[in-house]
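Peer 1: Before I ask anything, let me first share the structure, which is written out below as structure tokens.
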């Protein structure tokens, strides 16, 4: 079969076919996702366990070891890594190349659910999710202030987070740089002496109650204690009303010999933007999005939140800017290529051949 002869003989069909190729190329170019990182799914599953008030040693022995033993029974596991800190344990399970990522996730979910009843009742959350290249921040914001404290910044961050969670195309919104809250107990030595209360009495009274406060630690005169979640405390007023002893038949409460209030743990990391203390808010992408279309809707959501006068919002990172620049460079190179190829074929074959030979395939390239 002589394809060139057949195409020339049925030139009407050839013209229509190439016109369809042109339209297909334009449609593909206009609708394709625009992202800085192509979406690639690895057979890797991240298991995260939240155990409020638990130390790393407790999480390792009571949670991580139990989960690892069960997950390790799965087939095609290449590597398993664990990361543990106060309140949180993370297991990263990587499967052999070629393993279906969805099947890997289902297997890990089945394994973790099988031993969930063996974990402490205080475990508040356990999640499993696939690791993909889309698990990167596409936007990062900074909240700064010269006068607002971390609590005020965090409240504004929660408002922004709630607003963004309804935005399609954005996922895994996190507030970063917020130090752990803790209960600070500042004892008064004079009152303790008058009421015959020792520091050990205060420590034992608080620890024996097994605090039920969603915070980080208790700080008593520079001594730190992790707060447990299975006890009887529900708020800080109940901490203040803890019975620490008695004197001459009268009950002595913690508030009688100490000041009790919320504070912040020592900063384990410093978050600064232009020299000011700040909180960061980062948002990841969901698959198959066009970030150039998402960015205006993201900014519109942000503008819906009324910020206090003493708090400023900054865009630290906006991936849409680099993607827009890359797309612009691609378009420039595309049109330059079309022009150069068209000129060369024009000189050799003439105008009609140059047009129909060059343009459709160049648009699809």
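Residue numbers (our numbering): 1112 to 1476.
Ideal Cβ placement from N, Cα and C applies to all residues, glycine included.
Source: prediction; values computed, not measured.
1. Taking buried to mean at least 16 other C-beta atoms within 10 Å of its own C-beta, is residue 1253 buried or exposed?
2. Would you mind stating whether residue 1371 and residue 1296 have Cβ atoms separated by less than 7 Å?
3. May I have the straight-line CA-CA distance separating residue 1391 from residue 1409, to the nearest angstrom?
4. To the nearest whole angstrom, what separates the beta carbons of residue 1365 and residue 1382, a pair I think is in contact under 8 Å?
5. Measuring alpha carbon to alpha carbon, tell me which of 1361, 1275, 1128 ends up nearest residue 1411.
6. Quick check: the Cα distance between residue 1208 and residue 1188, rounded to an integer number of angstroms?
7. Helix, strand or coil for residue 1337 per DSSP?
8. Fully enclosed by the region 1361-1428, which beta strand (DSSP E) runs are 3 residues long or longer?
9. So, do the region 1205-1220 and the region 1160-1174 have three or more beta carbon pairs nearer to each other than 8 Å?
10. Does the region 1424-1434 come close enough to the region 1393-1403 to have 3 or more Cβ pairs within less than 8 Å?
11. Could you check the C-alpha separation between residue 1283 and residue 1396 for me, to the nearest Å?
12. Determine the DSSP secondary structure at residue 1430, reduced to helix, strand or coil.
13. Which term fits residue 1477, buried or exposed, when burial requires 16 or more other beta carbons within 10 angstroms of its beta carbon?
14. With distances taken between CB atoms, is the gap from residue 1202 to residue 1158 smaller than 7 Å?
15. Could you spell out where the alpha helix (DSSP H) holding residue 1224 opens and where it closes?
16. What residue from 1386, 1272, 1305 has the CA that sits closest to residue 1062's CA?
17. Roughly how many whole angstroms lie between the Cα atoms of residue 1440 and residue 1131?
18. Determine the direct distance from the alpha carbon of residue 1424 to that of residue 1447, and round the result to whole angstroms.
19. Rank 1368, 1278, 1216, 1211 by C-alpha distance to the C-alpha of residue 1407 and give the top, closest one.
20. Can you list the beta strand (DSSP E) stretches of 3 or more residues lying completely in the region 1235-1290, in chain order?
21. For residue 1458, name the three-state secondary structure that DSSP assigns.
22. Quick one: does the C-beta of residue 1129 sit closer than 6 Å to a heavy atom of the ligand FAD?
23. Locate the beta strand (DSSP E) running through residue 1354, then write down its first and last residues.
24. State yes or no: is the C-beta of residue 1416 within less than 7 Å of the C-beta of residue 1270?
25. How long is the line joining the alpha carbons of residue 1346 and residue 1292, rounded to whole angstroms?
26. Ends of the alpha helix (DSSP H) at residue 1306?
27. Checking 7 Å against the spacing of the C-beta atoms, do residue 1286 and residue 1236 come in under that value?
28. For residue 1261, count the other beta carbons within 10 Å of its own beta carbon; 16 or more makes it buried, fewer makes it exposed. Which is it?
29. Out of 1421, 1232, 1359, state which residue places its alpha-carbon closest to the alpha-carbon of residue 1164.
30. Between which two residues does the beta strand (DSSP E) harbouring residue 1192 extend?
31. I think residue 1267 touches residue 1422, with their Cβ atoms under 8 Å apart; what is that distance to the nearest whole Å?
32. If you draw a straight line from the alpha carbon of residue 1258 to that of residue 1384, how long is it in whole angstroms?
33. Terminal residues of the continuous alpha helix (DSSP H) containing residue 1170?
34. In whole angstroms, what separates the C-alpha of residue 1459 from that of residue 1121?
35. Residue range of the beta strand (DSSP E) that residue 1179 falls in?
36. So, using beta-carbon positions, are residue 1368 and residue 1308 closer together than 7 Å?
Peer 2: Looking at the atomic coordinates:
1. Counting the other CB atoms within 10 Å of its CB gives residue 1253 a total of 16 or more, which places it among the buried residues.
2. yes
3. 16 Å
4. Wrong, their Cβ atoms sit about 33 Å apart, outside the cutoff.
5. 1275
6. 10 Å
7. With a pLDDT of only 46 at residue 1337, under 50, the local geometry of the prediction cannot be trusted, and the value read off the model is given with reservation. Three-state result, residue 1337: strand.
8. 1361-1364, 1369-1375, 1387-1396
9. no
10. Short answer: they touch.
11. 8 Å
12. helix
13. Shown here, the chain extends from 1112 to 1476; a query on residue 1477 therefore has no answer.
14. In this structure, residue 1202 lies near residue 1158, with their beta-carbon atoms less than 7 Å apart.
15. 1212-1225
16. Any property of residue 1062 remains undetermined from this structure, which presents the chain solely from 1112 to 1476.
17. 26 Å
18. 40 Å
19. 1278
20. Fully enclosed beta strand (DSSP E) runs of 3 or longer: 1236-1243, 1248-1255, 1281-1287.
21. In the structure shown, residue 1458 sits in a helix (DSSP, three-state: H, G or I).
22. In the structure shown, the ligand FAD is absent, as is every other ligand, since no ligand is present at all.
23. 1354-1358
24. Yes.
25. 13 Å
26. Unbroken run through residue 1306: none, as it is neither H nor E.
27. no
28. buried
29. 1232
30. 1188-1196
31. The Cβ separation is near 6 Å, so the contact holds.
32. 15 Å
33. 1167-1170
34. 23 Å
35. Segment 1176-1182 is the alpha helix (DSSP H) holding residue 1179; no beta strand (DSSP E) there.
36. yes
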